[in-house]
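K.L.:
A single structure is presented below for examination.
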Amino acid sequence: MITPTHYMLLSAALFIIGVIGVMVRRNIIIIFMSIELILNAVNINLVAYSAQLQNAVGQVFAIFVIAVAAAEAAVGLGIILAFYRNKETINIDEMNLMRW
Amino acid sequence: MGTAIAFYFISACILGFAVMVISTKDTVHSVLFLVLDFLFVAALYVLLGAQFLAAIQILVYAGGIVVLYLFVVMLVNLKRPPEAHSDPHRKTKLGFGLAAAVLAELALLAFRSSDMPVRPIVEAAAVPVTGNTEVVGWMLYTSYLIPFEIASMLLLVAMIGAIVLAKREL
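Going down the list, the sequences are from chains A and B.
Residue numbers for the first sequence follow our numbering, beginning at -2 and rising by one.
Residue numbers for the second sequence follow our numbering, beginning at -18 and rising by one.
Below you can see the structure in the form of structure tokens.
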């Protein structure tokens, strides 16, 4: 029997994989992909509870999350391109122009 | 029983491909594993009875966003691997430790909440239910019309912002 707890654990594991990707990798494109994984983990939770509660609101909010993820990917990748054009790198350890 | 097998298979694939996404050296391989991961998440949505969202997931994520990522990976021609230069102050082990702590906490919360009874919420307004797509569309265009319009404005602003940012000279 698959309960919402199973979905919560799957979602938590996917979320943590995304967080590890954000914290450990230095390639900013992979960091953006990890953020997509995190948003997917949130969506899995929303849809699992939408199915459990027999209420489609969770799916509506999952659609909003997908819209925000698309906007985030477009703007973020634009920033990566602009940065690469100026600094010839996509390593976040070298992206410290605005630090201190 | 069949649902349980499908769930465990799909979750194993989702988690396995997610680990591959963040652990492969080649960025292009990472993007391709991301496509597989999104497809299995879409399969999970079908398992949960959210067919419309599964279609949106495949069209928007596996179709649109991933192509955007591939474009950027191709445009950003890396002469040296980005992992070569490393910050000496970077604390990778601390990152793993904190992530494990958060995972333990989330799992504890999930198990704590599992014995609480989950009551189905009765819809206030009776929605004529004929299919998943119709239910979601009905809610999107009645109760959630204003968030829907704000989301479209957000997408417009993001599109203009991406074009401005990616232009050669401002």
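A virtual CB, placed ideally from N, CA and C, is assigned to each residue, including glycine.
(1) From the DSSP output, read off the bridge partner residues of ASN88(A).
(2) Near ALA38(A), what residues of its chain come up, given a Cβ to Cβ distance below 6 Å and the 5 sequence neighbours on each side ignored?
(3) Are the CB atoms of ILE(-9)(B) and LEU25(B) within a distance shorter than 8 Å?
(4) Using a Cβ-Cβ cutoff of 8 Å, what residues of the segment -16 to -3 of chain B are near chain E? List them in chain order.
(5) Determine the direct distance from the alpha carbon of HIS3(A) to that of MET140(B), and round the result to whole angstroms.
(6) With a 10 Å radius around its C-beta and 16 neighbouring C-beta atoms as the bar for buried, classify ILE144(B) as buried or exposed.
(7) Quick one: is TYR26(B) near chain A, going by C-beta distance under 8 Å?
(8) Assuming ALA(-1)(B) and LEU34(A) make a contact with CB atoms under 8 Å, what is their CB distance in whole Å?
(9) Excluding the 5 residues flanking ALA53(A) on each side, which residues of the same chain have their C-beta closer than 8 Å to its C-beta?
(10) Return no unless some Cβ of chain A is closer than 8 Å to the Cβ of ILE127(B).
(11) Just verifying my parser: in three-state terms, what is the DSSP assignment at GLN51(A)?
(12) Under DSSP, the alpha helix (DSSP H) around PRO128(B) begins and ends at which residues?
(13) Name the two residues that bound the continuous alpha helix (DSSP H) containing GLN32(B).
(14) Applying the criterion that 16 or more other CB atoms from any shown protein chain within 10 Å of the CB defines a buried residue, is ILE127(B) buried or exposed?
(15) With H, G and I counted as helix, E and B as strand and the rest as coil, what does DSSP make of ASP18(B)?
P.N.:
Taking the geometry as given:
(1) BP columns for ASN88(A) point to ASN24(A).
(2) Correct list, in chain order: SER8, LEU11 and PHE12.
(3) Yes, they are a contact pair.
(4) Included in the structure are the protein chains A and B, with no chain E among them.
(5) Rounded to the nearest angstrom, the two C-alpha atoms are 37 Å apart.
(6) ILE144(B) is exposed by the Cβ-count criterion.
(7) Yes, TYR26(B) lies at the interface with chain A (some Cβ there is under 8 Å from its Cβ).
(8) Yes, ALA(-1)(B) and LEU34(A) are in contact; Cβ-Cβ is about 5 Å, under 8 Å.
(9) Excluding sequence neighbours, ALA53(A) sits near SER47.
(10) For ILE127(B), the answer is no, since every Cβ of chain A falls outside 8 Å of its Cβ.
(11) The answer is coil: DSSP assigns GLN51(A) none of H, G, I, E or B.
(12) For PRO128(B), the enclosing alpha helix (DSSP H) begins and ends at 126 to 147.
(13) Counting along the chain, the alpha helix (DSSP H) containing GLN32(B) begins and ends at 32 to 37.
(14) A residue is called buried once 16 or more other Cβ atoms fall within 10 Å of its Cβ, and ILE127(B), having fewer, is exposed.
(15) Look at ASP18(B) here: in three-state DSSP terms it is helix.
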